[in-house]
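Residue numbers (full-length UniProt numbering): 1 to 283. Notes for the one structure printed next.
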């Protein structure tokens, strides 16, 4: 009877030592404070209970396993969320493998479960940190792109405002006389518009006649097939002249009005435009 009692005490002490070693293995890997406290609580309860009987040892082992399986379930749940968030952003291969290793916890010893839980927890933290960094960089790039788009939009708005202001500054075109399509009549229209709108005299008119003789022969239907230049002033493209009137394709007065505005804004006077054409072959 005495020998049996000694043997039971020896087994109890051995079991306590074994369970302490199991939990100690889990502590060797970084884990959460909650898991550490839980394992300490299990060991403390086991040691303080006296554990003098095989039945008590078996009950404590079941509690330890339940704690291990609960820790596994929590670790897998958290890792799954992180894996889903990492898709397409960072490599979660190691974390997925760690989660897979916990898929059959019923076949694993509690100490092995705790080890795998600690590894999974560490991998979860690593993948989460990597995903967070990817998200941060993406947010920065999006902010830069948005700022660039806003700056481009503001610049375009400023240019549009400047163009509108310039358009408003152009004096309203006076009533134009009817203009036949022959060049002589077109030149008379040009002379009238030059004097009325820009105050240019016959000296500038002579330059204009020479310039547009060279460009189009004062033909309202002139078209340069190689460049696409159109009309009396050879606008490129021709639809630019729509700013002077919807009938720009057929009305010489509309084409001349646009051409004079172009010369005034680009060269100041017809003679300056003529000098440029003489120097380079175009104006």
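Where a beta carbon is used, it is the ideal one built from N, C-alpha and C, also for glycine.
Using 10 angstroms around the beta-carbon of residue 144, count the other beta-carbons present and answer buried if the total reaches 16, otherwise exposed. exposed
Check residue 244 in the structure and name its three-state DSSP category. coil
If you reduce the DSSP assignment to three classes, tell me which class residue 283 lands in. coil
Tell me the residue span of the alpha helix (DSSP H) that contains residue 93. 93-101
What separation, rounded to the nearest whole angstrom, lies between the Cα atoms of residue 243 and residue 233? 14 Å
Does the beta-carbon distance from residue 188 to residue 271 come in below 7 Å? no
Given a threshold of 16 other Cβ atoms within 10 Å of its Cβ, counted over all protein chains shown, does residue 66 qualify as buried or as exposed? exposed
Taking buried to mean at least 16 other C-beta atoms within 10 Å of its own C-beta, is residue 263 buried or exposed? buried
My assumption, with CB atoms under 8 Å, is that residue 90 sits in contact with residue 134. Please give the rounded CB distance. 6 Å
Kindly list the residues whose CB is nearer than 6 Å to the CB of residue 101, restricted to its own chain and excluding five residues on each side of it in sequence; keep chain order. 116
Taking the alpha helix (DSSP H) that residue 260 falls in, what are its first and last residues? 252-267
Since residue 206 is in the alpha helix (DSSP H), which residue starts that stretch and which ends it? 202-215
Of the listed residues 94, 84 and 252, nearest to residue 122 (C-alpha basis): 94
Based on Cα-Cα distance, which residue from 99, 258, 267 and 240 lies nearest to residue 114? 99
Contact check, residue 237 vs residue 186 under 8 Å by CB: the rounded distance? That belief does not hold up - the Cβ atoms of residue 237 and residue 186 are roughly 21 Å apart, past 8 Å.
List the residues that DSSP assigns as beta-bridge partners of residue 230. 223 and 235
Taking Cβ positions, are residue 105 and residue 69 nearer each other than 7 Å? yes
Could you tell me which of 190, 214, 241 and 141 sits nearest to residue 280, measuring between CA atoms? 214
Compute the Euclidean distance between the alpha carbons of residue 63 and residue 146, then round it to the nearest angstrom. 56 Å
For residue 64, which three-state DSSP category applies? helix
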